[in-house]
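S.K.: First the structure, which I've put down as structure tokens, then a few questions once you've had a look.
Protein chains in written order, with my numbering: chain A, 133 to 881; chain B, 14 to 114.
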């Protein structure tokens, strides 16, 4: 069976920009690549026929297939240094908080190379026991382990020594937990050996060991890694002597221990540079390292006691890094081909379509107009932040729980199955790591299963229904992206009279919200075409485009919850979580906010008395019926999946008009968690009157306006019956009026 | 505590008539029971043969990293697939076939 997958290096491309495509393929000798423009999703017989438009491109053609592995798993790498390779006797010390002890051998710190059986390494063995291993080549390996396995999620001080003169190996574990009623005791072990570790110029790795030289993509330094550690490390120390316990205690406690200055090789402090990928050595040789594959920083360390919850206030409580064997920030593949955006290419949604035998794969990207230039008064804002958060959402396939909350059988297709067959594609921010901790980071620099015009109608795929509608209206629109919105702010939106969002713009940085607000304060018009928008706060990586962070703090509908003390983003220090818990509820920006979700059936809206208000007479021209959207490709209605309602307490402007309100939602539509402070049972839509989607309109003081659909499913009704329907008419009326430069009267009348 | 009652054929009829959308409280309880996740119990899902047109019933292991195992049952209507799986689960709970086609 052919396996085909790929990704590109940029999602937002402007004329003159080059998009590089990385592809991996096995089971075929060659694959075909074609650049196409996407004008609609593949959505079956009820939808506009799926017809990607070919784009003439020099890169279109046939390419030799090759398999490119994905180097998954995080670690710290310190480049080779004479002070490391020159060690004879040594002491290694580190605080450890393991999360999967006993789940295979796990390297903590050392120069060990599995391919050559050389170097030294402090590890946990298969049973989770601290082990010091040294080797001088195949057959010349010695190791010593304590007899007591570490327990999960408890802090220990581990240290080990090797005396080059006596050949004595020593390893010791000391529990650091001071609370609870199941105390542990220290354990240690000693062994004498004739083996001496091989001397070679080797990097020092933390949380992984070298497997040898990579024969394909490498996450760092051309090496392969193995024995990845799950859990936290803190205060790694290395000294050039076999120290006694008192000296080890001084080494572990102080970055510059008195009397040991000449012996200290490295003393790393993970609390420095938390937003970065640099690991700082405060020892005399400044052996700085780098984190690889984005292990989680800004996590509580061994001294965290709850008195500090913001790492920026006292980083000393945050000296730990949490490593995972399934962390991944970049697949590091070699590019196969590239596409340079021609100056005359129209802005739009594009993709590289790959095919090999019966396998196919899509790599979408967005062609945006030149910076500061609008080629249309209308911009479609692709929800790239949300797409990134969901990339490779694996949790959906994990259990019957998906069917339980969705109210229908789980469906998946062949590309979804790639994710099951190739777990090295990594996780989404909707997943937990293999050790149970939540995934706060997501990157687009890897192959993904759910960013394509086929498959489940969600996010990108579902947003193509909006593109389909814009194409139906003549195709007069630009495409811009949230990535650019974060980088360029208001400047990106300024040239447009109307900005149209995607169906589910759920994730926003402060910079993105600032841009929306600035746009609206200057008379911009915003069509919020979805549900559950502007919900979670995110941070963007300071140097890597396309990498975001979300801390699922305190409240909200969430696949995992941030652990205590982990509510602040590592990238920025900002407090994460819901925007409504950060002083900027979505109701304030777009009038409505997330109220419920359900996935078994969608419903309709009923016009309200406010729909007759002369302020919105233009909105309902040509629309006679009282019921709106009792049809649609997405589960039969325009109101559903995730829905939003007005709430004056949370900031819905007092002059906002709810012109239509949904009804008849099913049992699977439950009130969002943040609205249920005291569980009372009356939380599903068959009994709870707060659950409804509100089509909402309000004017802004500078002649602008906001129109919100409050429903993800809305977009799936636009093309119903060949676009001859009231949802399409309503939305088109809004777009027509929003394009009209005449200011909306203020104050509203 | 809600318990399965194999004499409640009215609930099966209600589900068959309307697998999606608002259900009676008792049917909702029954569906919760049928859909209760278990770490060691395989569950059914649908594998897409053709987007929005044809699906094959399959079985997945919870928490697995393996693709689902396909069955020989192919559907062109999602509601029919739901009813088919409902009957399988009824049989598991009741120890006998649901006497409704």
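Where is the CB? At the ideal position from N, CA and C, for every residue including glycine.
These numbers were taken from a predicted model, which means no experiment stands behind them.
Thinking C-beta only, is residue 368 of chain A closer than 9 Å to residue 398 of chain A?
M.R.: Cβ distance < 9 Å, so residue 398 of chain A and residue 368 of chain A count as in contact.
S.K.: Flag residue 56 of chain B as yes if its beta-carbon sits less than 9 Å from any beta-carbon of chain A, otherwise no.
M.R.: Cβ-Cβ to chain A under 9 Å: yes for residue 56 of chain B.
S.K.: According to DSSP, what are the bridge partners of residue 169 of chain A?
M.R.: A/185, A/482.
S.K.: Using 9 Å as the threshold, is the C-beta distance between residue 251 of chain A and residue 263 of chain A below it?
M.R.: It is not a contact, given that the beta carbons lie outside the stated cut-off.
S.K.: Who are the neighbours of residue 95 of chain B on chain A, taking C-beta pairs under 9 Å?
M.R.: Simply 540, 541.
S.K.: Leaving out the 5 sequence neighbours to the left and right, which residues in its chain are closer than 6 Å to residue 434 of chain A when beta-carbon positions are compared?
M.R.: Taken in chain order, the residues that qualify are 227, 287, 308, 366.
S.K.: According to the Cβ coordinates, are residue 95 of chain B and residue 541 of chain A closer than 9 Å?
M.R.: Yes, the Cβ-Cβ distance between residue 95 of chain B and residue 541 of chain A is below 9 Å.
S.K.: Starting from the beta carbon of residue 87 of chain B, find every residue of chain A whose beta carbon is closer than 8 Å, and list them in chain order.
M.R.: Ordered by position in chain A, no residue passes the 8 Å Cβ test against residue 87 of chain B, which lies about 13 Å from the chain.
S.K.: Between residue 768 of chain A and the rest of its own chain, which residues show a CB-CB distance below 7 Å, the 5 nearest in sequence each way excluded?
M.R.: So the list reads 733, 734, once near-sequence residues are dropped.
S.K.: May I ask you to report which of helix, strand or coil DSSP gives residue 850 of chain A?
M.R.: Coil.
S.K.: Do residue 461 of chain A and residue 676 of chain A have their C-beta atoms within less than 9 Å of each other?
M.R.: Yes.
S.K.: Identify whether residue 63 of chain B lies in helix, strand or coil by the three-state DSSP scheme.
M.R.: Strand, per DSSP.
S.K.: Report the neighbours of residue 799 of chain A on chain B: residues whose CB is nearer than 7 Å to its CB, in chain order.
M.R.: The answer, in chain order, is 35, 36, 41.
S.K.: Establish whether the CB of residue 23 of chain B and some CB of chain A are separated by less than 9 Å.
M.R.: No, no contact with chain A.
S.K.: On the three-state DSSP scale, how would you describe residue 305 of chain A?
M.R.: DSSP places residue 305 of chain A in strand when its eight states are reduced to three.
S.K.: Cα separation between residue 159 of chain A and residue 311 of chain A?
M.R.: When rounded, the distance between both Cα atoms is 55 Å.
S.K.: Are any of the Cβ atoms in chain B nearer than 9 Å to that of residue 545 of chain A?
M.R.: Chain B, which has a Cβ nearer than 9 Å to the Cβ of residue 545 of chain A, makes this yes.
S.K.: When you compare only the Cα positions, how much space is there between residue 860 of chain A and residue 597 of chain A?
M.R.: Taking the straight line joining both Cα atoms gives about 11 Å.
S.K.: Kindly list the residues whose CB is nearer than 7 Å to the CB of residue 786 of chain A, restricted to its own chain and excluding five residues on each side of it in sequence; keep chain order.
M.R.: 780, listed in sequence order.
S.K.: Taking the CB atoms as reference points, tell me whether residue 571 of chain A and residue 668 of chain A lie closer together than 9 Å.
M.R.: In this structure, residue 668 of chain A does not lie closer than 9 Å to residue 571 of chain A by Cβ.
S.K.: Along the chain, which unbroken stretches of the beta strand (DSSP E) at least 3 residues long are found entirely within the region 567 to 640 of chain A?
M.R.: Correct list: 573 to 575, 610 to 613, 630 to 632.
S.K.: Does the beta-carbon distance from residue 713 of chain A to residue 688 of chain A come in below 9 Å?
M.R.: Their beta carbons are under 9 Å apart, which means residue 713 of chain A touches residue 688 of chain A by this criterion.
S.K.: Here's the rule I'm using: 16 or more other beta-carbon atoms within 10 Å means buried, otherwise exposed. How should residue 730 of chain A be labelled?
M.R.: It is buried - the Cβ of residue 730 of chain A has at least 16 other Cβ atoms within 10 Å.
S.K.: Go to residue 651 of chain A, then tell me how far its beta strand (DSSP E) extends in each direction, as first and last residue.
M.R.: Note, residue 651 of chain A: premise wrong, no beta strand (DSSP E); alpha helix (DSSP H) at 642 to 653.
S.K.: Could you pull out every unbroken beta strand (DSSP E) segment of at least 3 residues lying fully inside the region 730 to 793 of chain A, listed in chain order?
M.R.: The qualifying runs are 771 to 778.
S.K.: How about residue 531 of chain A: is its C-beta nearer than 9 Å to some C-beta of chain B?
M.R.: At least one chain B Cβ lies under 9 Å of residue 531 of chain A.
S.K.: Taking a contact to mean a Cβ-Cβ separation below 9 Å, would you say residue 600 of chain A touches residue 177 of chain A in this structure?
M.R.: Result no, Cβ atoms of residue 600 of chain A and residue 177 of chain A do not sit closer than 9 Å.
S.K.: Please tell me whether residue 48 of chain B has its Cβ less than 9 Å away from any Cβ of chain A.
M.R.: Closer than 9 Å to some Cβ of chain A, the Cβ of residue 48 of chain B qualifies, so yes.
S.K.: Going along the chain, which residues of the region 173 to 188 of chain A sit with their C-beta nearer than 7 Å to a C-beta in chain B?
M.R.: Against chain B - using a Cβ distance shorter than 7 Å - the residues of the region 173 to 188 of chain A are 174, 175, 176, 177.
S.K.: With distances taken between CB atoms, is the gap from residue 53 of chain B to residue 80 of chain B smaller than 9 Å?
M.R.: Not a contact, by the Cβ cut-off of 9 Å.
S.K.: For the pair the region 718 to 729 of chain A and the region 749 to 761 of chain A, tell me if three or more CB-CB distances fall below 8 Å.
M.R.: Flag = no, the region 718 to 729 of chain A and the region 749 to 761 of chain A do not touch.
S.K.: Is DSSP giving residue 163 of chain A helix, strand or coil here?
M.R.: Residue 163 of chain A falls in the strand class under three-state DSSP.
S.K.: Measure the alpha-carbon distance for residue 413 of chain A versus residue 405 of chain A and round it to whole angstroms.
M.R.: Those two C-alpha atoms are separated by around 11 Å.
S.K.: What do you get for residue 438 of chain A, buried or exposed, if any count of 16 or more other CB atoms within 10 angstroms of its CB means buried?
M.R.: Residue 438 of chain A comes out exposed.
S.K.: Determine the DSSP secondary structure at residue 158 of chain A, reduced to helix, strand or coil.
M.R.: The answer is strand: DSSP assigns residue 158 of chain A an E or B state.
S.K.: Going along the region 59 to 76 of chain B in order, which residues come within less than 9 Å of chain A, judged by CB to CB distance?
M.R.: So the close ones are 59, 60, 61, 62, 63, 64, 65, 66, 68, 70, 71, 73, 75, 76.
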